[in-house]
Amino acid sequence: MLRFIINRLLQMIIVVFGVMLFVFIISRATGDPIPSLLGSNYTQAQYDELYVEMGFDQPYIVQFFYYIRDVILYQDLGISYESKRPVIEEVLTRFPVSMRLAIYSIVIFVPIGIAIGIISAVKQYSALDYTITTFALILAAMPGFWAGLMLMLIFSLQLGWLPATGIDSWKGWILPCVTQGLSPIAYNARMSRSTMLEVIRQDYIRTARSKGLSEFKVIMGHALPNTLLPVVTTVGTLFSILVGGGAIVENIFGIPGLGSYMIFSIQAKDFPSVQGSVLLFSLFVCVVNVIVDILYGFIDPRVKAMYMGTGKKPKAQPQEEGSAA
Amino acid sequence: MKKSYARVVSLLLAAAMLFGLAACSSDDDDNGDDGAAESPASSSDFSTIDLFPDLDPDVTVSTMDWYRGDINVYQTKDGDVTKKTPDGTIVFGGQATVGACFPSSYMMEFLWAWNVYETLIMRDTVTGEFYPWLATDYGYDDDGNLNITLREGVQFHSGGTMTAEDVLFSFEYAAGDNVNAATEAAQKIDFENSVIHDDYNLTIVFSEPCGSFLYWMSSSFLAVMSKDYVEEMGPDHPYLEDDAGTGPYYIIDSTAALSQTFLRFEDYWGDLPEFDTVIYKRYEDKTSQFVDYQNGEIDFCFLNTYDNVSRILGGEGTDTIVYQPPNGRIAEINLTTIGGESPFEDLRVRQALAYCINYEELMIGVNMDSSMATLPNSYTPEGIAYAINLGTYEYNPEKAIELLEDAGYGPSNPVTVSIVSSADPGGAREIAMEIIQAYAAEVGINVEINTVRSSELNAAVSGPTVPAEYDMTFMINEIGPGDPAFRYRGRAAYDAEIGTFSGNKGIDDEEFSRLVAEGDSTLDEEERAEIYAQLQELMYENCWTIPLYLNTCVGFCRTYIEGTNYFNAYTLDWASWTLAE
Chain A
1 MLRFIINRLL QMIIVVFGVM LFVFIISRAT GDPIPSLLGS NYTQAQYDEL
51 YVEMGFDQPY IVQFFYYIRD VILYQDLGIS YESKRPVIEE VLTRFPVSMR
101 LAIYSIVIFV PIGIAIGIIS AVKQYSALDY TITTFALILA AMPGFWAGLM
151 LMLIFSLQLG WLPATGIDSW KGWILPCVTQ GLSPIAYNAR MSRSTMLEVI
201 RQDYIRTARS KGLSEFKVIM GHALPNTLLP VVTTVGTLFS ILVGGGAIVE
251 NIFGIPGLGS YMIFSIQAKD FPSVQGSVLL FSLFVCVVNV IVDILYGFID
301 PRVKAMYMGT GKKPKAQPQE EGSAA
Chain B
326 MKKSYARVVS LLLAAAMLFG LAACSSDDDD NGDDGAAESP ASSSDFSTID
376 LFPDLDPDVT VSTMDWYRGD INVYQTKDGD VTKKTPDGTI VFGGQATVGA
426 CFPSSYMMEF LWAWNVYETL IMRDTVTGEF YPWLATDYGY DDDGNLNITL
476 REGVQFHSGG TMTAEDVLFS FEYAAGDNVN AATEAAQKID FENSVIHDDY
526 NLTIVFSEPC GSFLYWMSSS FLAVMSKDYV EEMGPDHPYL EDDAGTGPYY
576 IIDSTAALSQ TFLRFEDYWG DLPEFDTVIY KRYEDKTSQF VDYQNGEIDF
626 CFLNTYDNVS RILGGEGTDT IVYQPPNGRI AEINLTTIGG ESPFEDLRVR
676 QALAYCINYE ELMIGVNMDS SMATLPNSYT PEGIAYAINL GTYEYNPEKA
726 IELLEDAGYG PSNPVTVSIV SSADPGGARE IAMEIIQAYA AEVGINVEIN
776 TVRSSELNAA VSGPTVPAEY DMTFMINEIG PGDPAFRYRG RAAYDAEIGT
826 FSGNKGIDDE EFSRLVAEGD STLDEEERAE IYAQLQELMY ENCWTIPLYL
876 NTCVGFCRTY IEGTNYFNAY TLDWASWTLA E
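Protein chains in written order, with our numbering: chain A, 1 to 325; chain B, 326 to 906.
Pasting the structure below:
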């Protein structure tokens, strides 16, 4: 297992390095930030001075080297062009807010999605199944910004139950979480439905039924654990998406998260902030993926077996033998 | 059975999609960049154009004087709205982002400037007259030097008392190389020979006469800051949790792109403001801002959509005053008159273009009425309308055709010119250019639209000459501090400086050059106004630039805040606002 973890961590370092290089190149390709910094009137001398001061006169490879050096040795992500504050401070202040929002959305809405997906699968072709499938389809198709605005207009403007913006109280979290949670509900409902449909057709389920177990026990005891296996991976990916991709929700609901900061920095051509945000985000995605992989290793005996004992890759086994039930 | 379920599901799906589409279409942002719309009204007197035709009967409309005409102010009926924001606090919602709270910074949000930093003199927003502020006395001597006596006992937020050294330091800082947007006026100061007589008296000596200096001195760029504090903190200090000003409020907290908090300065030299805290909330989304206003989360809503204002004035809102200030931006076309090949070297062709555009329809088409008749042009140093009666040209296509024929153009020999701008697809500039193109085509002028990156356009129009392929440029320039309503727009007028403009266009006109030079060296305000009025008339007659429209925006606030008006609603003089009994 240790070899597996080390393997994943090494992969993570390569990925993060690749992301840093990619972001560095893309940032430089989006245009010259100096005119934005100097305003609409500046002399060539002012431009040149700032150009040198910011290190743009150096070859790209040197600039990148300095950037990597500062990040690794000094944990220095640079100074924001906009706020003139250290980027590390800016992103670390915002990151927990985005994390919190993503965690709330996942903890509340993923189980709901899984539950309705399973009900839908168990009651396949029933009115309930059609309703759930349609509902999931609508949720999946609904743009987040639109859903957010509609929820705001209904629950904040019309009913006056919840605040429209800000997270000063627990009430302020409700609308953003629901908006962010709509997509996980839909995604997990559809995914758990299809997985459950596969699982309940397996021989070991038939065996369980033939042993006289109640349908509830069959589903909860034998089918559900196997249905949840792919969901673990989904939740990990979803978590990463929600943390970094919550920019729209954060903007609509005035939440000081990493997503809205990234958008703001991109608009302002604030290279250090963009690079810092993306770096943090990519690190986070990698870490989450490693955790998910490790968890998967523990949950799925097939993966566990791959890295245990002799360390040899096990022979392919029929899926029903790998039942975690 | 299954089929009937499928039908039901399909119907539900279709209904949901229709609902979605309907909801989406009813929530359009109409702040001027979203395309053409039908006009609710039209009038040749744009200053009184009926912007909100579906007014609730209980809405009262009053007018305020502006030097360009009357401005409508709307007030909804009284309701039961009470202040929900904390006692002693105003919460202000806007869209602008703030980079730093520092006078010379390009990134500083100008609207705040007047609450944190102060200038030696101020300019009356209605009459346009200067009056002393941090200076108690000022005036030019016979040599053109400016003698200033400072107010005593003015404290900086950062500590210490304002002295003449701080004033000279602030001017020098604005003119220095280490400043992002140094002003031309400050650079005309001869700092070596300027004299500090004592803590409260100084004489500013100029290396060359600078007629517009008083205007600049009343702009945020030449606001006074603490020398000691700025030197201590250095040029890279963010000034987002502290500042170096003297104003009635000081900044204590800032979250990039989201909010800033200001506190009342208890050692302020003047009358203390009633509100002890002002919170500025930035909204990326205007619907969120509007909902927060309706819910009482913010007291003042700045820069929202006309659609939302229409809702308020149509009966959905109570206890609200709506202002519609010009936002200080003029759309104009600059014609290239140099290079030996441009058709615009012929005055008649320039005039033909000026006469072929229906300006009223253009305004309506581009901005959904969020615009007003414009100034003659923005190029006089302070960007003010000196020639008060001049505005846009008359719409007269017959005259345009006649002028073109006189110039030797016609159906068999059409004029072909290019128009260049930095336009987003579907944005206001692109729409404006397309409308101009359509009107020009009606009289036989073929206009080719070229869009370039804004940096490319800026480089072209601020360079020594306009590139040969630029027959005309579509620009949105900003009015300068000379305009009474736009005293904070220090940067803007500099952008559109007449020297740059004329040099760039190669305007070779003796009278023009004489008036420019004379205006810049005349220190008497009345004389300068006369000279610049003549200059604007000359520019109008020669059609070097064609003003199109003046953009406006909307702001609204609760009636429980007293002391707001059309002007301070836009310049955000928080100190003059009070809470109604």
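C-beta: ideal position from N, C-alpha, C; glycine also.
Assigned secondary structure, residue i (DSSP; H/G/I helix, E/B strand, else coil)
i, result
"A:Arg94", "helix"
"B:Gly536", "coil"
"B:Val520", "strand"
"A:Leu77", "coil"
"B:Gly464", "strand"
"A:Glu215", "helix"
"B:Leu848", "coil"
"B:Ser579", "strand"
"B:Lys402", "coil"
"B:Tyr574", "strand"
"B:Lys830", "helix"
"B:Tyr734", "coil"
"B:Arg883", "strand"
"B:Thr283", "Outside the displayed span of chain B (326 to 906) sits residue 283 of chain B, for which this structure offers no information."
"B:Glu566", "coil"
"B:Asp390", "strand"
"B:Asn620", "coil"
"A:Arg201", "coil"
Contacts that residue i makes with chain B (C-beta to C-beta distance below 8 Å)
i, result
"A:Ala164", "Ser613, Val616, Asp617, Asn620, Glu622"
"A:Ser260", "Ala582, Leu583, Glu609"
Euclidean distance between Cα positions of residue i and residue j
i, j, result
"A:Met196", "A:Pro111", "15 Å"
"B:Arg673", "B:Leu728", "5 Å"
"A:Asn226", "A:Cys177", "28 Å"
"A:Trp170", "B:Val384", "38 Å"
"B:Thr877", "B:Gly478", "39 Å"
"B:Leu715", "A:Met20", "57 Å"
"A:Met12", "A:Cys286", "6 Å"
"A:Asp32", "A:Met54", "12 Å"
"B:Tyr711", "B:Gly453", "11 Å"
"B:Phe455", "B:Phe531", "20 Å"
"A:Gly172", "A:Leu101", "11 Å"
Cut-off 6 Å between Cβ atoms - residues of its own chain near residue i, not counting five sequence neighbours on either side
i, result
"B:Tyr465", "Leu471, Leu848"
"A:Arg8", "Val290, Asp293"
"A:Ile68", "none"
"A:Leu23", "Per the sequence presented here, residue 23 of chain A reads as Val, with Leu not at that position. Once the five neighbours on either side are set aside, the close Cβ partners of A:Val23 are Gln275, Val278."
"A:Ala136", "Ala186, Ala189, Arg190"
Proximal chain A residues relative to residue i, where beta-carbon distance stays under 9 Å
i, result
"B:Thr315", "As displayed, chain B neither begins before 326 nor continues past 906, which places residue 315 of chain B out of reach and without an answer."
"B:Lys606", "Thr165, Gly166, Gly254"
7 Å CB neighbourhood of residue i in its chain, flanking five on each side removed
i, result
"B:Leu863", "Glu836, Phe837, Leu840"
"B:Glu490", "Ile521, Lys552"
"A:Asn188", "Val110, Gly113, Ile114, Gly117, Val231, Thr234"
"B:Ala765", "Leu678, Cys681, Val772"
"B:Leu785", "The amino acid occupying residue 785 of chain B in the given sequence is Ala; Leu does not appear at that position. Excluding residues within five positions, the ones whose Cβ falls inside 7 Å are Val791, Pro792, Tyr795."
Amino acids of chain A, ordered along the chain, whose beta-carbon sits closer than 7 Å to that of residue i
i, result
"B:His522", "Result: empty, since nearest Cβ-Cβ is about 33 Å, beyond 7 Å."
"B:Thr790", "Within chain A, no residue comes near B:Thr790; the closest Cβ sits about 17 Å away, beyond 7 Å."
Contact list for residue i against chain B, beta-carbon separation under 7 Å
i, result
"A:Ile252", "Asp610, Ser613"
"A:Ser156", "Val616, Asn620"
"A:Phe271", "Those within 7 Å of A:Phe271 in chain B number zero; the least Cβ separation is about 15 Å."
"A:Glu198", "Within 7 Å Cβ-Cβ: nothing; A:Glu198 doesn't reach chain B, min ~22 Å."
Closer than 8 Å at the beta carbon, the chain A residues around residue i
i, result
"B:Pro563", "Ser83, Lys84, Arg85"
"B:Ala460", "The contacting residues do not exist; B:Ala460 stays about 26 Å from chain A at best."
Distance cut-off 7 Å: residue i Cβ against heavy atoms of the ligand PLP
i, result
"B:Glu686", "Summarising the ligand content, the structure contains no ligands, and the ligand PLP is consequently not present."
Contact set for residue i: own chain, Cβ-Cβ below 8 Å, skip 5 residues either direction
i, result
"B:Ile886", "Ile415, Asp624, Phe625, Trp902, Thr903, Leu904, Ala905"
"B:Leu583", "Lys606, Arg607"
"A:Met152", "Ala164, Leu175, Ile252, Phe253"
"B:Glu759", "Ile774"
Review point. At a cut of 8 Å, does the stretch 269-283 of chain A reach the stretch 229-237 of chain A through at least three beta carbon pairs?
Key: Cβ pair count under 8 Å is below three, so no.
Review point. Do the stretch 735-742 of chain B and the stretch 767-774 of chain B make contact, defined as three or more Cβ pairs closer than 8 Å?
Key: Flag = yes, the stretch 735-742 of chain B and the stretch 767-774 of chain B touch.
Exercise for review: Would you check if the stretch 260-271 of chain A and the stretch 145-162 of chain A touch, i.e. whether three or more CB-CB distances between them fall below 8 Å?
Suggested key: Segments in contact, no.
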